[in-house]
Each structure stands twice: as C-alpha cells, then as structure tokens.
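Residue numbers (our numbering), protein chains in the order written: chain V, 1 to 343; chain U, 1 to 343; chain C, 1 to 343; chain L, 1 to 343.
There are 4 protein chains.
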Amino acid sequence: MINVGVVGATGYTGVELLRILVLHPEVSIQMVTSRSEEGVAVSSIFPNLREHLQLYFCAPDPDLLAECDLVFFATPHGTAMALVPELLAKGVKVIDLSADFRIKDAKLWSHWYGMEHTCPELLQEAVYGLPEVNRELIRKASLVANPGCYPTAVQLGFIPLLKNNLVDPGSLIADVKSGVSGAGRKASTGTLLCEASENFKAYGINGHRHQPEIVQGLNEQSKDLVNLTFMPHLVPMIRGIQASLYASLLKDTVDLQSLYEDFYSDEKFVDVLEAGLSPETRTVRGSNMCRLAVTQPEGSDKVVVLVAEDNLVKGAAGQAVQNMNIMYDLDESLGLNLVSVLP
Amino acid sequence: MINVGVVGATGYTGVELLRILVLHPEVSIQMVTSRSEEGVAVSSIFPNLREHLQLYFCAPDPDLLAECDLVFFATPHGTAMALVPELLAKGVKVIDLSADFRIKDAKLWSHWYGMEHTCPELLQEAVYGLPEVNRELIRKASLVANPGCYPTAVQLGFIPLLKNNLVDPGSLIADVKSGVSGAGRKASTGTLLCEASENFKAYGINGHRHQPEIVQGLNEQSKDLVNLTFMPHLVPMIRGIQASLYASLLKDTVDLQSLYEDFYSDEKFVDVLEAGLSPETRTVRGSNMCRLAVTQPEGSDKVVVLVAEDNLVKGAAGQAVQNMNIMYDLDESLGLNLVSVLP
Amino acid sequence: MINVGVVGATGYTGVELLRILVLHPEVSIQMVTSRSEEGVAVSSIFPNLREHLQLYFCAPDPDLLAECDLVFFATPHGTAMALVPELLAKGVKVIDLSADFRIKDAKLWSHWYGMEHTCPELLQEAVYGLPEVNRELIRKASLVANPGCYPTAVQLGFIPLLKNNLVDPGSLIADVKSGVSGAGRKASTGTLLCEASENFKAYGINGHRHQPEIVQGLNEQSKDLVNLTFMPHLVPMIRGIQASLYASLLKDTVDLQSLYEDFYSDEKFVDVLEAGLSPETRTVRGSNMCRLAVTQPEGSDKVVVLVAEDNLVKGAAGQAVQNMNIMYDLDESLGLNLVSVLP
Amino acid sequence: MINVGVVGATGYTGVELLRILVLHPEVSIQMVTSRSEEGVAVSSIFPNLREHLQLYFCAPDPDLLAECDLVFFATPHGTAMALVPELLAKGVKVIDLSADFRIKDAKLWSHWYGMEHTCPELLQEAVYGLPEVNRELIRKASLVANPGCYPTAVQLGFIPLLKNNLVDPGSLIADVKSGVSGAGRKASTGTLLCEASENFKAYGINGHRHQPEIVQGLNEQSKDLVNLTFMPHLVPMIRGIQASLYASLLKDTVDLQSLYEDFYSDEKFVDVLEAGLSPETRTVRGSNMCRLAVTQPEGSDKVVVLVAEDNLVKGAAGQAVQNMNIMYDLDESLGLNLVSVLP
C-alpha cells in the first residue's frame with residue numbers, strides 16, 4: 001500500500017485524482033489538504049465521493065505530509081515549489097500536477113507564470129512525466145512534473161513525425177480545443193454556464209502558457225528547432241481536449257498509418273484509430289486513453305493529426321496515477337482500467 | 001463465472017450494461033446480439049469499449065443464447081416476450097430490461113403497449129426487480145422484470161410514506177424530469193441536439209406508460225389504492241432523473257428524516273441525504289446510487305420527497321446487474337462500485 | 001421619444017432590457033449606469049450591442065438620472081429603494097425590475113430580503129406590474145414594481161382557476177424550473193458551466209423569495225387564502241422558465257380549455273395552447289410571450305397548468321417594456337414584436 | 001411589397017428565413033411549400049412563428065410559385081435545379097440557399113454531390129451571392145446561388161490577404177467549427193443530443209463539399225491557385241461557426257489590423273474587432289454579422305484570422321435576405337437589424 005496525500009484537492013484535477021485513487025487497489029489516501037476548506041468533509045464538496053471517501057480536508061502541514069510515501073500537488077502554480085524541497089528532503093516522493101516543475105528554464109518559467117521560481121535547482125532533477133517519452137526516468141524519479149493537458153495531446157500527436165524527420169519543424173500548427181473544466185473550479189464570469197455554453201471562441205490569442213512547455217518537449221524530439229503556432233479554443237462542454245495538428249510533409253511516400261500504429265504499439269494509453277476515423281472526446285471521457293488519427297488530405301502536402309483526450313485524466317489526474325504506477329513498479333494501468341460513460 | 005448474453009445491445013441501456021459487465025469480475029460476456037448490426041464490432045458502434053470488449057454483434061439465435069447462464073434483454077418492448085419462454089424452458093435465467101414482464105395484468109399491459117402479450121402465463125412468475133422491495137423473490141427468480149427508470153425513482157421515494165400510512169394515498173403527485181437518453185438512441189427529430197437542448201417542457205401529458213407500473217408497485221405498499229398524478233418532463237442533458245414527489249401528510253408529528261434514514265439504512269444503493277440538502281443528478285451519473293431527500297415546507301401539510309438517479313444505471317442497467325448479483329448470491333454491489341465522474 | 005436611463009445594466013436583465021430598447025421606436029437611451037464599469041463601453045461587456053449602442057457606462061448620479069423621463073432599475077435588491085424617492089420627487093417615472101417594491105408588507109419584505117426597507121411609504125403607491133392583472137393601475141403609475149420571473153409564470157397560470165373558484169386554494173403546488181440565467185451574471189461556483197450543465201436539481205428547498213410575492217398576488221385573486229407549496233429547480237440551459245402547477249378541482253364539469261382561452265383572449269402576451277400540447281421554453285426564448293396549457297389527467301381530481309416563458313423577457317425586461325408602453329399610452333406591443341430564434 | 005415564396009421550409013434554413021421575413025417591411029410571404037407537411041400549419045412545426053405567420057404548407061406547384069416575384073429555395077441539393085429553369089422562364093427571381101448553383105463546373109459539382117446536374121447551362125448565369133464580393137452582379141441577377149455557411153466565413157477571412165498578395169496561396173489552412181444545426185433537422189443518430197452534446201470531433205476528414213466551393217471563390221481573388229487544407233469540426237451547440245484560418249505571410253511589414261479595417265470599412269455585415277479580441281459565436285447568434293479578428297503570433301511567419309458567424313444567418317438565411325435587398329435596391333440591411341440574444 002502506498003500512503004498518499006493530496007494537496008489542494010478542491011479543484012477539478014483534485015477531485016478527479018480522488019475519484020481514481022479511491023478505487024486504486026494499492027493506494028491508501030492518508031490526507032487531503034485545503035486551506036480554505038479545512039475541517040469540511042471532502043464528500044460535502046464532491047458528493048460523488050459520499051460512499052467512497054470519509055476524509056475531511058486538513059491544512060497542508062509539511063510534517064503531516066511527510067508521513068506519506070507520495071504527495072500529489074493539485075494546486076495552482078506557485079504552491080508546490082514552496083513545499084516540495086522540504087518533502088523531498090524528508091524522503092517523500094512528489095508528483096506535481098501544477099506547472100511549477102515543467103519548464104527547465106527558470107527564466108522562461110518566470111516570464112510565463114509571473115513570479116520568481118523559488119527552487120530552480122530542482123528543475124533539472126524533476127522528470128517531465130510523459131510516460132510515452134520518459135518512462136525510464138520516471139521510474140527512478142523522486143519528483144515528477146506532470147504535463148499540462150494541451151501539451152500531452154500536442155506532443156503525443158507530433159512526436160512520431162518529428163522523431164522520424166518527416167515534417168518541417170518550422171511549419172507546426174496546433175489548433176486545440178478544450179472543454180471548460182480546463183479553466184478550473186474557481187468562480188469567474190467567463191466560465192459561467194450562461195457565458196460559456198452555446199458559444200465557441202478562440203482564446204489566449206496573445207500567448208498561452210502551454211506553448212513554451214510544448215515547444216520544449218517537441219524540441220527534444222526534433223533534429224531542428226520547431227516553430228509552433230498554437231491556438232486554443234473553448235468548447236461548450238465540461239471535459240475533453242481535441243487537437244487538430246498540421247505540419248508540412250518533407251517526404252511524400254510514407255505510410256503514416258503504419259508509422260503511428262507501430263510507434264505506439266506498446267503503449268496502453270495511446271490508441272491509434274483505423275484510417276478514416278476521427279477521435280471523439282466523449283469516447284475518452286473519464287478514461288486515461290489518448291486517441292489519435294493521422295491523415296493526409298488529398299492534393300495537399302500537409303499531414304493532419306487528430307488527437308482526443310480527457311483533459312482531467314490523460315491530461316492531468318490519470319497521467320499522474322500512471323506516473324505513480326511507474327514509480328512504484330506497479331502494472332502501469334493499475335486503477336486506470338476506466339471505461340468512458342457513453343452516452 | 002456467469003456466462004451472459006445481451007440481446008439488443010445497440011441502444012443506450014445495452015451499451016450501459018456492457019460498460020458495467022466488462023469490468024464485472026464474475027461475468028464473461030459470451031455474445032451480444034443485434035439483427036441490424038450483425039457482424040459489426042461492438043466497439044465500432046460504442047468506441048468507449050474499444051479496449052474492453054472484442055465481440056462482434058451476432059443474430060439473436062435462441063439455440064446460441066441457450067448456451068448462456070443468463071440472458072439480458074435490452075430490447076424495445078415486444079421482443080423479449082418472443083424469446084423468453086424458450087430460454088426459460090432451456091434453463092436459462094433472464095433479466096428483461098424492457099417492459100414486457102413488468103405489469104401483472106396482461107390487458108392493462110396491452111392497453112399501454114399497443115400489442116397482445118404473447119406469454120401472459122409468465123407474468124405472475126416474473127419477479128419485479130426492485131431489490132429494495134423484492135430482494136428475496138429476486139434471489140429465487142428465473143425471470144426478472146427490471147423496473148423502468150421513472151418507476152424506480154418514484155417508488156423508492158413514496159414507499160416509506162405509504163408503508164407507514166403517513167400520507168393520503170389519493171393525493172400523490174410525481175413531477176419527474178429525465179435526461180434525453182431516456183428516449184433512446186433511435187434517430188428522431190424531437191431528440192436532436194438542436195431540438196432538445198436549450199429547451200424544457202413537459203411531455204406525455206396525455207398519459208405515460210410508466211404510470212400503471214408505478215401505481216401497481218405503490219398499491220402493493222399501500223393500505224388503500226393510490227391516485228397518482230404523474231407528469232414527466234424532458235431535461236436538456238444526457239443522463240439523470242430527478243423526481244419531486246408531493247403528498248398530503250395525515251400525521252403532523254413524524255420525524256420524516258429519521259424515518260427515511262432508518263427505512264433505507266441497510267440499502268447500499270439508496271442514500272438519504274442530510275436535512276436541507278437536495279440530490280443532484282450529476283452526483284449519481286454513471287453510478288447505481290439513488291439519492292433521496294425528504295422535507296416538509298413550512299406552513300404546509302405537504303411532504304416533498306426529492307429523488308435523483310441515473311436513468312441508465314439505477315434506472316436500468318445497474319439495477320439489472322444488482323439483480324443478477326442477487327440471483328447468483330454474489331455481493332450485491334459486485335461490479336457496481338462506480339464513482340460518478342464529476343464534473 | 002421617451003428619454004430613458006438604465007441603472008445597473010451589467011447583469012442579464014440589464015443587457016436584455018438594452019437589447020429590446022435599442023430597437024424600440026419611441027425610446028432614446030440616455031444613460032446606462034454601473035459603478036463597477038464606469039467609463040467602459042457598454043458594447044465591450046455585451047458585444048451583441050456593438051452595432052446598436054454607442055454609450056459608455058456612467059456612475060448612477062441622481063441629478064443626471066433626473067434628466068430622464070423614465071428610469072429602469074436592473075439592480076440587485078436594496079439599490080433601487082435608495083434612489084427612487086428622489087427620482088419620483090423630481091417627476092421621473094420608475095420601473096424597478098428588482099424586488100424592492102414588489103411586496104406590500106415591509107416586515108415581510110425585510111424577513112425575506114434581510115435588510116430594512118428604507119422607503120416603506122412607497123410600497124402602497126408602487127403598482128405591481130403584471131399587466132394582465134393591473135393594466136389600469138399601471139397606466140397611471142409613477143412607480144412600477146416589475147414582477148419576478150417565477151411569480152409571473154405562476155400567477156398567470158393559477159389566476160383563471162382562483163378567480164373562478166374552481167380549485168381548493170389550500171391545495172396549490174408549483175413545481176417550477178428555471179434556466180441558469182435566473183441566477184444572474186455574478187461569478188459563482190454553483191453556476192459555472194462545469195457545475196450546472198449536465199445536472200438537474202431542486203434548490204431553495206428551505207424557502208425562496210418569490211414565494212411570498214406569489215402568495216400575495218394569488219391571495220388578491222382568491223376568495224380564501226391560498227396555501228402554496230413552491231419548489232424551484234435549476235435546468236441546465238441559459239434561458240427559460242417552465243412551471244407545472246397542480247391544484248385540486250372543486251367542480252368536475254368545467255371546460256377548462258375554453259375557460260383559459262376566454263380568460264386570456266384579449267391578451268397579446270399570453271398564448272393558450274390547443275388541448276394536448278405542452279409549452280416549450282424554446283418557443284418563447286427571447287420573446288415576451290407566456291404560453292400556457294391546461295389539462296386534467298384521466299381519473300384524477302387534479303388540474304395541471306403548464307406554463308412557459310423566458311425568465312429574462314416576460315419574466316423581467318420584456319414585461320418592463322410592456323409596462324412602459326402602458327404607462328406612455330403606446331401600443332402595448334411596441335418594440336416587443338420579437339420572434340424566438342429557433343432552433 | 002415583394003411577394004415571396006419559400007420552397008422546402010421544414011428545415012433549419014427554412015424556419016430561419018421565415019423568422020426574418022415575417023418582420024421584413026417590404027416582404028409578403030405568399031406561400032411556404034413542403035411535400036411532406038402539405039396542409040399542416042407552419043406554426044405547428046415551428047411554434048416560434050405562432051403569432052407571426054398564419055400560413056399552411058402547400059405542395060410546391062410551379063404554377064403557383066410563378067405568381068411570386070421571388071422564390072427562395074431552402075431545400076436539399078438536387079431540388080432547386082428541377083424547378084428553377086421553369087421559374088426563371090416565367091420571370092420569377094430565385095435565391096437558392098442550396099448548393100445547386102454554387103459551383104461553376106458541372107462535373108466538379110457532380111463529383112461532390114453525387115448526381116448529374118440537370119441545368120448546367122444556368123451555372124454561368126447564376127451569381128454567387130456573397131455581397132462583399134459580387135454586390136453589383138447580384139443587383140442585376142435573376143438567379144442567386146447563396147453561399148454555404150463555411151464558405152462565407154472562410155472567404156471573408158482569407159480574401160483581404162489573397163487580394164493583396166500577402167500570403168502564400170499554397171499554404172492555406174482552415175480549421176472550422178460548426179454548431180449542430182449545420183447538419184439540418186433530419187432525424188439522424190449522429191446529431192441526437194445524446195451523441196453530439198458533451199463531445200467534440202473533427203468530421204468529414206475524407207473530404208467536405210464546401211471545399212471546392214471555397215477554393216473556387218478564393219481562386220477568383222488570388223493571383224496564383226490556392227491550396228487549402230480544410231478541416232471541419234462539430235461543436236456541441238446549436239448555432240454558430242468559428243473559423244481559425246492560417247496562412248504563411250510573404251511580407252513581414254504589413255499592418256494587418258488596418259488592412260482588414262479598411263477592407264471592410266463599408267460593409268455593414270462584416271465587423272473587424274480591435275486588436276487582441278477574439279470573435280465569439282454567441283455575439284452573432286441570430287444576427288447577420290460576420291465578426292473577424294486578425295493576428296500574427298509572436299515569432300511566427302503565420303497570420304491567423306479568426307471568424308465568427310451564425311451559420312443559419314450570415315451563413316444562410318440572413319445572407320439570402322441581404323441578397324434580396326440588393327436585388328430589389330432596398331437598403332441592404334432592411335429587415336436585418338437583428339440583435340443577438342445574449343446570454
């Protein structure tokens with residue numbers, strides 16, 4: 001049994017993590033922290049957990065957290081970096097679902113997140129938790145930086161092309177769409193049902209924090225530096241990310257379908273669809289699967305990769321549990337055998 | 001291992017049944033039938049099952065079905081009654097999720113369902129599969145008539161009052177609301193997204209088939225015959241039933257809260273909320289739980305019972321699996337430890 | 001031309017009022033006030049008005065407002081009563097869309113709205129702006145208290161029965177359902193898309209502020225005091241109210257259909273549907289129409305009235321403009337010839 | 001007064017056309033045809049028109065239609081071309097909202113629409129009804145081919161760039177998203193609320209009929225032939241199209257913002273947003289406006305144009321009325337002064 005703590009579980013990645021962990025056969029949830037909800041039953045905030053979790057939120061006390069084997073951070077950025085050094089020093093493993101340890105360059109991080117990084121020395125030690133890329137590093141890691149939701153989808157989509165030098169790395173376009181849960185559970189006018197339903201729009205057109213994270217990850221897989229045009233959109237639904245990725249092909253004679261099928265043949269959580277199909281977000285809602293399709297429009301030199309994932313699962317909490325399973329040498333899919341509820 | 005077959009699994013109760021059964025530790029799905037989709041991979045119709053079920057739809061051949069221990073019918077009404085007698089004769093157990101065996105009076109059934117009943121002799125033998133009422137009969141049954149979605153919610157809400165003679169049985173009003181999945185997966189203009197979303201209406205105002213089923217069930221629990229005003233409404237969402245039930249109290253001095261908590265204290269799938277709370281459909285989405293609250297408005301002689309369930313789970317497929325567990329002396333919640341995905 | 005001002009137009013009733021007023025041929029919008037958005041272009045908050053309104057929000061200065069012929073208040077409760085006495089004294093007419101002047105009994109008002117009423121002397125002078133009841137009083141009024149959204153629907157539904165002594169006034173039940181815009185534009189967790197979509201629930205089960213307003217209105221039309229059980233629900237859609245009203249019939253031989261058709265035959269904004277039809281909220285979305293149907297379930301002594309309206313139009317801004325038209329002896333439907341956008 | 005007939009008004013473009021025409025001051029609707037609904041009141045299918053249109057559907061009799069000044073076709077493809085030659089011969093003007101006369105090359109049309117064209121001789125005579133491009137031709141036209149919904153958005157977005165030779169015409173990508181009403185009112189499983197809500201996907205990945213129409217239109221504005229990668233997506237909402245358009249800039253020193261503002265400065269139904277804003281579909285819902293924004297991501301050689309329109313208005317019925325206004329020398333915005341209902 002792994003004794004885990006969850007810091008900051010009043011948001012959507014937090015409750016999603018709890019939903020998965022309460023049924024995980026090798027996990028015992030020791031504590032769930034929240035400053036604002038201290039003393040409140042977790043299930044009174046998240047009634048889907050009424051029969052499954054009897055804990056109360058407690059304050060995030062480092063000494064108490066140090067009694068855990070593993071601590072998940074499901075906090076806004078800036079919180080994890082304040083607690084992680086002490087926990088690591090006490091031998092606790094950490095999986096951070098926030099952005100604090102995703103970007104290796106502290107200055108770049110500060111530019112996008114608007115604050116100083118308080119433990120830049122940990123940035124190199126932190127392992128970027130994309131199992132399909134870094135599985136062996138994750139296995140030995142003490143600190144895993146769990147990827148962002150968009151970065152997971154976009155990297156899994158582009159990497160087979162870049163790794164095989166099939167596309168011009170300067171030609172990348174990612175037109176990405178997310179359900180509203182990506183904006184979190186904080187009260188705000190823009191994500192009210194009355195503002196966000198029956199509406200569709202691009203947002204973040206002056207720059208989005210996930211762009212440098214994606215570029216960092218793609219550059220590691222590409223011979224030449226990538227140039228990425230990244231355009232996020234808000235979809236009037238709760239969950240799901242769909243990405244339509246475009247790139248200019250360098251070679252014309254590649255069997256892209258076989259390439260993708262082979263590339264991901266050993267991956268349990270990447271599903272390459274048969275030619276002609278298009279991944280739908282609802283088929284991965286609540287599951288840890290990332291579905292992909294690849295296609296080349298007739299008469300065009302462009303390749304199009306279509307990707308669907310649940311932003312809160314493969315894009316957050318599910319991938320965090322996948323990383324935990326790897327860190328503890330468990331079956332990578334333990335506790336993640338989740339079937340989407342359809343319809 | 002119970003070898004099961006599912007007849008007519010191209011609808012929403014069918015896919016929901018499969019979602020639950022693929023993870024049930026004591027079930028092996030032997031065959032899934034559909035005349036219209038014969039030869040088609042089940043997962044090509046329901047891509048949420050891609051990693052979980054590798055079967056193809058086959059035709060509903062009684063001889064093949066007879067190799068199963070148990071057959072579920074997730075068919076439109078009129079189909080099960082054509083196959084069930086032969087299956088029972090061959091020693092196969094049957095759980096019918098359609099309406100064919102729910103009403104004991106064949107004439108009444110014919111009136112509401114517009115066809116002759118072809119095996120009225122089985123109507124008395126069939127056990128109405130509401131575990132909270134008929135658990136011991138279900139345990140010994142060969143043929144279980146799985147309750148309708150509205151009838152499950154309305155009966156679980158009214159029964160504690162009627163059984164304790166606390167309300168005037170002539171005063172019952174059930175204002176019930178259902179998500180659109182209650183109308184099934186058949187193509188129809190009325191349930192298109194463009195017609196059913198951003199809209200709310202009452203429907204079936206000239207009579208609804210679930211009314212006689214509910215009245216039959218309530219009469220069994222009531223000293224005097226009930227009179228029920230039943231008004232269904234369509235909610236612009238996929239899943240969920242909410243029922244607001246009204247009745248005139250005969251006694252004024254009852255602690256309704258304790259009464260309900262005691263009445264359902266041993267039931268795993270009925271959850272009585274603390275006073276002042278209201279059950280939300282999303283907290284039971286995808287789970288087999290039925291949540292209830294009871295309240296008496298200030299200055300009124302009325303009691304109000306609020307009920308929420310997932311129409312496709314406790315109102316259909318989940319309750320069917322609960323019944324199967326009872327029939328096979330398994331833990332009643334085996335395979336039903338489902339946590340709602342929230343948000 | 002009527003020179004109007006709108007106080008507090010950053011909410012949903014405010015923008016709805018502006019949507020109607022910008023096309024009203026006899027209205028000139030002079031000023032739109034908001035403390036929080038002073039200096040901001042109205043159309044930058046509400047881009048649907050970009051081509052239609054070139055004003056900027058200004059602070060609510062009574063001297064400036066006094067230059068208007070008519071001031072609408074689309075403010076939270078407690079705001080209008082602070083400004084109205086001064087405006088009335090200066091000869092300005094007022095239509096208050098908030099609750100400040102709806103309830104005649106100042107103590108009752110204070111009980112439900114949690115503050116002292118600062119000008120109780122105006123409560124008797126204020127005319128309750130339900131044109132179908134108070135048209136002649138509205139014509140001469142200086143201060144109109146525009147009805148709440150639920151009260152409009154419930155009163156229009158019950159009044160024909162009560163006025164004709166057809167039902168037991170002690171038996172009234174109103175099961176009402178509202179789209180989320182009824183909760184306003186203020187940021188709050190409970191009305192986020194991720195919390196309120198794909199969900200249905202009753203709310204306000206411990207009492208709702210619209211109940212005393214409805215009871216006051218119904219008592220004026222009833223021989224005996226009414227007893228009303230009032231249960232509001234939240235529908236996962238933006239706009240629309242549907243009410244299902246129940247009462248015990250005293251006489252059995254009434255032609256309810258003709259009664260309702262006759263009762264509302266001269267009303268332009270009440271539409272009685274043919275027998276067997278059910279009013280849908282989408283058919284009145286954006287329009288000032290209130291649609292009704294009346295039915296008596298077979299074998300029951302209950303009458304059921306079904307009502308649909310747009311909570312922001314007939315339930316707020318549209319009715320306010322209807323009242324303005326009456327006050328200024330204009331055609332009552334001027335500027336209100338609005339066709340619902342369907343689908 | 002223009003006497004108009006509407007052929008095939010049981011679909012969404014049909015009812016939208018009627019919604020606009022019933023309030024148009026210079027139009028008298030003479031007949032509304034439907035084979036399947038002959039004899040049925042139009043308002044019984046579309047209850048939003050109850051107070052506004054008292055016609056019954058009649059059969060599409062060419063002799064009767066010939067009594068109209070102008071006939072709109074809101075039919076599936078293949079219907080208009082069977083009736084139009086006769087109507088034109090009798091001096092009736094025609095605006096065809098279907099695809100029958102949009103593509104100049106009859107063979108190309110047949111390839112995409114799967115049938116022979118029965119009056120290819122009219123293809124050259126037909127004027128493509130995009131007023132921003134063809135206003136003068138429309139003014140003199142007898143037969144207007146009203147553009148498709150996607151083609152309107154994509155052409156209005158790309159044309160300023162192509163006409164000014166600012167981008168590589170071989171580099172065009174249109175990532176377009178449509179609400180479900182684009183799929184029409186026909187019963188189909190894929191557009192049921194339960195299938196299409198809470199879901200997002202690309203579709204038509206093997207080719208979409210709007211692509212050749214767009215390419216034809218763009219080629220007319222471009223020095224060199226364009227190569228367009230066109231990827232449509234389905235958005236879980238009723239109305240609205242958003243297009244994110246990408247192209248490689250040839251020059252780096254252009255003020256794109258001014259270019260777009262100048263290009264459309266005289267257009268009443270194209271609104272160029274201030275720099276940094278993103279057009280939202282809800283702000284044009286029910287209105288004839290097309291909103292645009294143009295931006296160049298930092299460090300990229302790509303220009304991104306964001307476009308929003310209502311697929312049923314500027315993308316269909318509204319543009320048809322705009323064309324009618326032009327053909328009859330009316331104010332181009334007569335009857336089109338529509339304010340979006342927000343929220």
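We put the beta carbon where it would ideally sit given N, CA and C, even for glycine.
Taking C-beta atoms as the reference points, L:Val180 and L:Thr191 count as a pair closer than 7 Å. Per the Cβ contact rule, the region 248-268 of chain V is in contact with the region 292-307 of chain V (3 or more Cβ pairs under 8 Å).
Burial check for C:Pro25: the Cβ neighbour count within 10 Å stays below 16, so the residue is exposed. For C:Asp262, the enclosing alpha helix (DSSP H) stretches over residues 256-263. Looking at the DSSP output, V:Glu309 bridges to V:Ile241. Beta-bridge analysis with DSSP links L:Val144 to L:Ile95, L:Val127. Residue contact with chain L for V:Arg291: absent (no Cβ-Cβ distance below 7 Å to any residue of chain L). Counted as a single uninterrupted DSSP element, the stretch harbouring C:Leu192 is not any beta strand (DSSP E), since DSSP gives it neither H nor E. As a beta-bridge residue in DSSP terms, C:His233 pairs with C:Lys177, C:Ala202. In the structure shown, U:Arg291 falls within a strand segment according to DSSP collapsed to helix, strand and coil. A direct Cα-to-Cα measurement between V:Asp224 and L:Arg239 gives close to 42 Å.
A Cβ-Cβ contact shorter than 7 Å links L:Asn288 with L:Gly318. Taken in chain order, the unbroken stretches of beta strand (DSSP E) that lie wholly in the region 28-99 of chain C and span 3 residues or more are 70-73, 93-96.
In this structure, the straight-line span from the alpha carbon of V:Val254 to that of U:Met324 is close to 52 Å. Annotation for U:Ala183: Thr191 place their beta carbon closer than 7 Å to its own, counting only its chain and skipping 5 residues before and after. Taking the C-beta atoms as reference points, V:Val92 is found no nearer than 7 Å to V:Leu143. Three or more beta-carbon pairs drawn from the region 20-35 of chain L and the region 3-12 of chain L are found closer than 8 Å, and the two stretches are therefore classed as touching. Per DSSP, the continuous beta strand (DSSP E) segment holding V:Gly5 begins and ends at 2-7. Ranking C:Asn48, C:Val84, C:Leu161 by CA distance to the CA of C:Gly5 puts C:Val84 first.
Take V:Glu125, set aside five residues on each side of it, and the residues of its chain with a beta-carbon closer than 7 Å to its own are Leu143, in chain order.
Here C:Val22 carries a coil assignment [DSSP, helix/strand/coil].
When DSSP states are grouped into helix, strand and coil, C:Tyr328 belongs to the coil group. For L:Ser278, the nearest beta carbon of chain C is not closer than 7 Å to its own beta carbon. Residues of the region 31-52 of chain U whose Cβ lies closer than 8 Å to any Cβ of chain V, in chain order: Phe46, Pro47, Asn48, Leu49, Arg50, Glu51, His52. Nearest in C-alpha terms to C:Ala59, of all of C:Pro47, C:Gly39, C:Met237, C:Leu122, is C:Gly39. Within chain V, the residues Asn48 have their CB atoms less than 7 Å from the CB of U:Ser340, given in chain order.
At the C-beta level, V:Val313 and V:Leu256 stay beyond 7 Å of one another. Per the Cβ contact rule, the region 46-66 of chain V is in contact with the region 276-285 of chain U (3 or more Cβ pairs under 8 Å). Chain-order list of chain V residues neighbouring C:Glu213: empty, with the shortest C-beta distance near 23 Å, by a criterion of under 9 Å. Counted as a single uninterrupted DSSP element, the beta strand (DSSP E) harbouring V:Val270 occupies residues 270-272. Judged by DSSP secondary structure, L:His208 falls outside any alpha helix (DSSP H); it is assigned neither H nor E. Note that the C-beta distance between V:Ile214 and V:Val307 is not below 7 Å. L:Ser248 sits in a strand when the DSSP states are folded into three classes. At least 7 Å separates the CB of V:Ile138 from every CB of chain C. Minimum Cα-Cα distance from C:Leu162 among the listed residues C:Asp63, C:Glu37, C:Asn219, C:Ser28 corresponds to C:Asn219. In this structure, the beta-carbon distance from L:Glu198 to V:Met237 falls below 7 Å.
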